[in-house]
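So the structure is just underneath, and the comments pick up after that.
Numbering (the working numbering), first residue to last: 334 to 686.
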C-alpha cells in the first residue's frame, strides 16, 4: 500500500511537471538557455571560487564577459548572417528548381529504364510527381526560414538569459542543498547516486558536445566561405550547431552545400568536389579526433536515442523541447539502466527462491 502511494505521488508529480512545461513553453526559452549556460560554466565558477573570488563575483565575471563577447560577435557577424539567411530564403525555390532541372533528365532516364515495360504516360506521371514534391519541399523550406527569421524578435527577451545564468551560478550550492532537503529520507542516498550519475553523463555530453559544435561550426563556416560557396556561412554554422548528434550536422551540411555548389558552379566539378571534401574531412576529424577527445565513449547516450529525444521534444514542446531533449535523454537513460538493474535483481527476473 505504501509503495503504491509512493508510485502514485511520483507519477502525479511528473505529470504536473510535464503539464507545466507544456503550458509555459512559449516563455521558457530564456530561462532554459540561462540554465544551460549556468550548468556548462559552473565548474569554472568553482575554480575561480577556490582561488579567492567570491561566488557572486566569479559568476558576474563569467556571465558578464560571456555576454559582452557574445554581443560583440553578434554585432560583427549578424549583418552578414541575416543577409545570407534572407538571401537563401529568397533563392531557395530557385535553387531547388535548378537542382531539379539538373537531375530531371537523369531521373527520367532511370525511371524509363527501370519501367521499360510501362507505357510512357506512367513514367511522365512519376516525374511530374517528383517535380511537385520538390516544389512542395522548397515552399516548406522557404516558410521555415521565414519563421526562423521571426525568431530574431526574441532577441530582446533573451536579455533575461544572462540574469538567469548569473543567479543560478551564484545560488547553485544553496539551490542544491534546498532540493536535497526535500528528498524522502528513506530513498535519499539512492536518489543522490542517480542524480550524480545523471550529472556525470550530462556533463560529459553537454560540455564535450558544446566544444565539438563550436569547432565544427567554425571549420565548416570558414572553409565554405573560403571556397566561395554562396550562403556558406549560414550552412556551415547550422551544420556545426547540430553536430552534437553524430552525422546529423555533416549530413545536413553535405546535402545543402553540395546542392548549392551544383547550382552555383555547374558544370565545373572541382568546386563541388571541394565542398564535398570539406564535410567528409570534417566528419572524419569529428569521429576520430574531436569526439573521442572531448566527449569520450563512456557517457551512455546513443546517437539514435538523442535523435529520437530531439524529435520527441520538438513535437511536444517546440524549440524549448528541442533544448531540453538531451538532458531528458540523459536522465531517462540513467534511470532506465537503474530500473533494469533493479529488475534483474528482483524475483520478477530471478523467479521464486
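Backbone N, C-alpha and C fix where the C-beta goes; we use that ideal spot for every residue, glycine too.
- Item | Rounded straight-line distance, which links the Cα of residue 683 to that of residue 363 | Cα-Cα distance, rounded: 48 Å.
- Does the beta-carbon of residue 656 have 16 or more other beta-carbons within 10 angstroms, so that it is buried, or is it exposed? Using a 10 angstroms sphere on the CB of residue 656, the tally of other CB atoms reaches 16 or more, which defines it as buried.
- Between which two residues does the alpha helix (DSSP H) harbouring residue 619 extend? First-last for residue 619: undefined, no H or E at that position.
- Message: If distances are taken between C-alpha atoms only, which option among 654, 373, 625 comes closest to residue 639?
- Response: With distances taken between Cα atoms, residue 639 lies closest to 654.
- Specify whether the stretch 660-670 and the stretch 527-542 touch according to this definition: at least 3 beta carbon pairs, one from each stretch, less than 8 Å apart. Yes, they touch.
- Task: Along the alpha helix (DSSP H) that carries residue 499, what are the first and last residues, could you check?
- Result: In the DSSP annotation of this structure, the continuous segment of the alpha helix (DSSP H) that includes residue 499 starts and ends at 493-515.
- Message: Quick check: what's the CA-CA separation for residue 401 versus residue 600?
- Response: Taking the Cα positions, residue 401 is about 45 Å away from residue 600.
- Message: With distance defined between alpha-carbon atoms, name the residue in 528, 605, 538, 548 nearest to residue 562.
- Response: Looking at 528, 605, 538, 548, the one whose alpha-carbon comes closest to that of residue 562 is 605.
- Proximity to residue 503 [Cα-Cα], best of 547, 370, 586: Of the listed residues, the one whose Cα sits closest to residue 503 is 370.
- Query: Can we say the stretch 508-521 touches the stretch 543-550, given the rule of at least three CB pairs closer than 8 Å?
  - Reply: No: fewer than three Cβ pairs fall under 8 Å.
- Query: Where does residue 459 fall in DSSP's three states?
  - Reply: Because the pLDDT of residue 459 is 49, which lies under 50, any placement of that residue in the model is unreliable, and the number read from its coordinates should be weighed accordingly. Three-state result, residue 459: helix.
- Would you mind reading off the limits of the alpha helix (DSSP H) that contains residue 588? Element bounds for residue 588: 581-598.
- Rounded C-alpha distance that separates residue 662 from residue 405: Their backbone Cα atoms lie some 34 Å apart in a straight line.
- Task: Please report how far the alpha carbon of residue 377 lies from the alpha carbon of residue 613, in whole angstroms.
- Result: The alpha-carbon atoms of residue 377 and residue 613 are separated by roughly 34 Å.
- Is residue 359 buried or exposed, if buried means 16 or more other CB atoms sit within 10 Å of its CB? By the 16-neighbour rule on beta-carbons within 10 angstroms, residue 359 is exposed.
- Message: If I follow the unbroken alpha helix (DSSP H) through residue 624, where does it start and stop?
- Response: That residue, residue 624, is in no alpha helix (DSSP H); it is neither H nor E in DSSP.
- Helix, strand or coil: which one does DSSP assign to residue 394? Residue 394 sits in a helix when the DSSP states are folded into three classes.
- Under 8 Å, do residue 575 and residue 585 count as touching if we go by C-beta distance? Closer than 8 Å, so yes.
- Would residue 676 be called buried (16 or more neighbouring beta carbons within 10 Å of its own) or exposed? It counts as exposed.
- Query: Is the Cβ-Cβ distance between residue 546 and residue 587 less than 8 Å?
  - Reply: In this structure, the beta-carbon distance from residue 546 to residue 587 does not fall below 8 Å.
- Message: Between residue 556 and residue 611, how many whole angstroms is the CB-CB distance? I'm expecting something under 8 Å.
- Response: That belief holds up - the Cβ atoms of residue 556 and residue 611 are roughly 5 Å apart, short of 8 Å.
- Between the C-alpha atoms of residue 615 and residue 582, what's the straight-line distance to the nearest angstrom? The alpha-carbon separation between residue 615 and residue 582 amounts to approximately 10 Å.
- Tell me where the alpha helix (DSSP H) around residue 534 begins and ends. Counting along the chain, residue 534 sits inside the alpha helix (DSSP H) bounded by residues 521-560.
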